[in-house]
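Participant: Pasting a structure below so you can have a look.
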């Protein structure tokens with residue numbers, strides 16, 4: 001983290017994953033979810049059948065979102081991160097399988113759909 005950023009200006013928020021991404025009029029929204037703790041407390045709760053709970057949404061302009069993707073890409077290309085991901089796959093904590101293009105992908109789970117509601121500019 002850059003020394004210019006103030007880490008104590010906002011609380012940390014734990015989320016399980018992104019459930020969906022919405023793009024509308026140049027603004028990207030990432031919907032963050034976690035497991036509903038009230039469902040987790042129920043006797044004999046089945047973790048695979050829990051309803052995700054909207055925890056937070058991140059709203060950012062498209063250029064910020066694209067920059068974030070480049071940061072994530074850089075992290076995923078790091079050999080140390082690749083080794084950690086491979087260990088997770090070996091342990092069964094992440095699935096590895098082909099995506100729609102036939103290329104291999106690694107991920108804990110597929111998230112919800114990307115929703116694009118932007119009106120395309122007339123050419």
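Numbering (the UniProt record's numbering), first residue to last: 1 to 123. Quick reminder that beta carbons are idealized off the backbone N, C-alpha and C, glycines included.
Starting from residue 34, follow its DSSP beta bridges and name the residues at the other end.
Facilitator: DSSP, once it has assigned bridges, lists 53 as partnering residue 34.
Participant: Any chance the region 20–38 sits against the region 58–65, with 3 or more Cβ pairs inside 8 Å?
Facilitator: They touch, by the three-pair rule.
Participant: Classify residue 84 as helix, strand or coil using the three-state DSSP reduction.
Facilitator: Reduced to three states, the DSSP call for residue 84 is helix.
Participant: What span of residues does the alpha helix (DSSP H) with residue 63 cover, start to end?
Facilitator: Where residue 63 is concerned, the enclosing alpha helix (DSSP H) stretches over 62–77.
Participant: Taking the alpha carbon of residue 52 as the reference point, which residue from 93, 43, 16 has its own alpha carbon closest?
Facilitator: Nearest C-alpha to residue 52: 16.
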